[in-house]
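Step one of this worksheet: look at the structure below.
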Amino acid sequence: MIQARSGEESAAAPRAIARLLAIFDVIATKPEGMTLAELTAALNVPKSSLLALLRPLTNSGHLEHAFGRYMLGRQIYRLASHIVSTRKFGMIIKDILVDLAEESGETAILATLDRTAGSMTYVDVVESKNFIRYAVPAGVTRPIYCSAGGCCILAHQTDSWREEYLAKTSLIRLTPRTITDPTELRSRLAQIRREGRCVSIGEAVADAVGVGAPVFEADGSCSAALVIGALAD
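Residue numbering for the sequence shown follows our numbering, beginning at 47 and increasing consecutively.
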């Protein structure tokens, strides 16, 4: 049996939804995340009420809570990827990928950052028409510290986010060419910022070469990269 809600309950539901959306809006502007105190001040919401929303969002993966800060979670980025793929932006990027693959003769890839996992995902791929080619399916993930697209994205994050990432990430040697020294990696990222591109030869996959370029949002932030992938030989 469905019971009618009281007037107070009916009013509380839309308010909670508005607060939930406001949480996503404000955290989306802070790649490094926000503390509970910062969220309380930004949203003008009591801590107790805010925590009642933050906890289930964190449990569901829509938010990530680490190092005392709340950040957008894996589920939100998955949702965003689905939305982008159905909007005009996705169509524009698809055209660019097709052109890149056609002009280069190699595989063209759109990679996006997963801030929670500290990795990137290939969300769209246009494979080379060559019989022997670099082939990778959409949905594959790569570390951001040792791939062409990932290094492009990492190089253009805020200093605070980048340093926090380096502090908590083990730079595992995937191939003999993988850079595992943080100081050397910082130097390389600075070079990428100066040159506006990244060339990766056998750093994530031994027999693969990647050339990446960052994709910037209107506000100057970077959460994606275009990559041309090819076989090393």
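Glycine is no exception: its CB is placed at the ideal position from the N, C-alpha and C atoms.
Since the model is a prediction, treat every value here as computed from it, not as a measurement.
- As for any alpha helix (DSSP H) of minimum length 4 sitting wholly inside the segment 217-257, the runs are 228-241, ordered along the chain.
- The DSSP-derived three-state label of Asp71 is helix.
- Remark: C-beta atoms of Leu231 and Leu220 do not approach each other more closely than 8 Å.
- Shown here for Ala163: same chain residues with a beta carbon closer than 8 Å to its own, the five before and five after excluded, namely Arg120, Thr187 in chain order.
- Using a Cβ distance threshold of 8 Å, Cys192 and Ile155 do not count as a contacting pair.
- In this structure, DSSP gives Gly195 a helical state, which the three-state scheme calls helix.
- Per DSSP, Arg65 has no beta bridge partner at all.
- In this structure Ile247 touches Ala278 by the C-beta definition: roughly 7 Å separates them, less than 8 Å.
- Using a Cβ distance threshold of 8 Å, Asp170 and Tyr123 do not count as a contacting pair.
- In this structure, Ala112 is the residue among Tyr116, Ala112, Leu96 with its C-alpha nearest to the C-alpha of Lys214.
- In this structure, DSSP gives Tyr168 an extended state, which the three-state scheme calls strand.
- When DSSP states are grouped into helix, strand and coil, Pro189 belongs to the strand group.
- With contacts defined as CB atoms closer than 8 Å, Ala271 and Val257 fail to qualify as a contacting pair.
- With a cutoff of 8 Å on beta-carbon distance, Ala68 and Leu89 are scored as near each other.
- Here Ser106 carries a coil assignment [DSSP, helix/strand/coil].
- In the structure shown, Ser95 falls within a helical segment according to DSSP collapsed to helix, strand and coil.
- When DSSP states are grouped into helix, strand and coil, Ala163 belongs to the coil group.
- For Ala250, same chain residues with a beta-carbon under 6 Å away, outside a window of 5 residues either side, are Arg188, Cys192, Ser193, Leu220 in chain order.
- With contacts defined by Cβ atoms closer than 8 Å, Leu125 and Ile73 do not form a contacting pair.
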